[in-house]
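Residue numbers (the working numbering): 205 to 534. Notes follow once the structure below has been shown.
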């Protein structure tokens, strides 16, 4: 773990113990933030939520923020649906795909090979595309406070076969998230996308039901998939941004001063998560190599070319052709 990450983790670790113990007074307005991630500051979505909590609680005399990790307030889908109606959680941190049922165009952010780098994603999210999607979210009942990036692009990990070139992916049964975007991405790469619940990956690799899966390096380390997988192909085919979203109905309950503090806190939190992204990814790469996994840097140009068709088809389905064009020009 890098020095900068160790410092932040050390300084914030006690928050999991004391975040609920130091409530000020019943007069304070309570903000409950949902995240499906664990109570672990090595996770991007959790870090985003806790940095926001830390800033707001230190700068507001009228607002108190509490973070509920591990889906303590419910599964993300039900939490988000309740937020639209102004009930349940005040806000949540997670990926934009969680809002695709309400804001169709937001699916453009999850297209395969759409991001050239973290800096590219940040420039897009801070620019006109981000502003258009923020407006779409507001129409659907949500208030976007800040955008960040995930700590790692997704790569293909295999159980037995080492992937040294793009053509080696052909026919491999690769587990992915059961959404159209992810399935289309893996199929476009020549593999056979196998939608499956996350909890089934380990045993499916063990039994040979899967040839591999696609995820971040950090996930491979955290869930000890190195025990049943040998090799990583650095495809970097997807990267989900991370977003802090408020219930619009809840947001309107706060005065201008309170809203200003929260907007400032959200941006400060996002900036920290953004800066840590390449650091955290590098840490994870070193970790998988230390565990003895074979890491292959492959020529992804053929995969990027094949992905263009999937990008165009999905963007058309989402009604997001103009947004995709802007992303490509950025």
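For every residue, glycine included, the Cβ atom is placed at its ideal position computed from N, Cα and C.
On the three-state DSSP scale, how would you describe residue i?
| i | result |
| --- | --- |
| residue 355 | coil |
| residue 251 | helix |
| residue 447 | strand |
| residue 346 | strand |
| residue 245 | coil |
| residue 530 | helix |
| residue 375 | coil |
| residue 316 | coil |
| residue 402 | helix |
| residue 256 | helix |
| residue 307 | coil |
| residue 393 | coil |
| residue 513 | helix |
Measure the beta-carbon distance from residue i to residue j and round it to whole angstroms, keeping in mind my assumption that it falls under 8 Å.
| i | j | result |
| --- | --- | --- |
| residue 325 | residue 353 | 5 Å |
| residue 546 | residue 317 | What the structure shows of the chain is the stretch from 205 to 534, and residue 546 is not part of that stretch, so it cannot be assessed. |
| residue 385 | residue 314 | 5 Å |
| residue 492 | residue 421 | 6 Å |
| residue 356 | residue 484 | 7 Å |
| residue 358 | residue 522 | Their Cβ separation, rounded to whole angstroms, is 20 Å, which puts residue 358 and residue 522 out of contact at 8 Å. |
When you compare only the Cα positions, how much space is there between residue i and residue j?
| i | j | result |
| --- | --- | --- |
| residue 445 | residue 299 | 6 Å |
| residue 351 | residue 240 | 17 Å |
| residue 261 | residue 403 | 35 Å |
| residue 330 | residue 413 | 42 Å |
| residue 295 | residue 365 | 42 Å |
| residue 476 | residue 251 | 9 Å |
| residue 510 | residue 346 | 34 Å |
Quick one: is the Cβ of residue i within less than 8 Å of any heavy atom of the ligand FMN?
| i | result |
| --- | --- |
| residue 516 | Although the ligand FMN was asked about, the structure shown includes no ligands whatsoever. |
Which residue marks the beginning of the alpha helix (DSSP H) containing residue i, and which one marks its end?
| i | result |
| --- | --- |
| residue 284 | 280 to 288 |
| residue 484 | 460 to 494 |
| residue 414 | First-last for residue 414: undefined, no H or E at that position. |
| residue 325 | 322 to 330 |
How is the beta strand (DSSP E) around residue i delimited, first residue to last?
| i | result |
| --- | --- |
| residue 277 | From DSSP, residue 277 is part of no beta strand (DSSP E); its letter is neither H nor E. |
| residue 366 | Per DSSP, residue 366 belongs to no beta strand (DSSP E) and is neither H nor E. |
Notebook entry, point to check: Between the stretch 230 to 239 and the stretch 266 to 274, do three or more beta carbon pairs fall short of 8 Å?
Noted result: As far as the Cβ criterion goes, the stretch 230 to 239 touches the stretch 266 to 274, which means the pair count is three or higher.
Next item on the list: Taking 8 Å as the threshold, find out whether the stretch 248 to 263 comes into contact with the stretch 460 to 477 through three or more Cβ pairs.
Entry: Judged by Cβ distances under 8 Å, the stretch 248 to 263 makes contact with the stretch 460 to 477, as three or more pairs qualify.
Next item on the list: Could you say if the stretch 431 to 444 and the stretch 487 to 500 meet the contact criterion of at least three C-beta pairs nearer than 8 Å?
Entry: The stretch 431 to 444 vs the stretch 487 to 500: in contact.
Notebook entry, point to check: Within the chosen definition, does the stretch 274 to 286 reach the stretch 403 to 419 through at least 3 CB pairs nearer than 8 Å?
Noted result: Fewer than three pairs of CB atoms, one per stretch, sit closer than 8 Å, so the stretch 274 to 286 makes no contact with the stretch 403 to 419.
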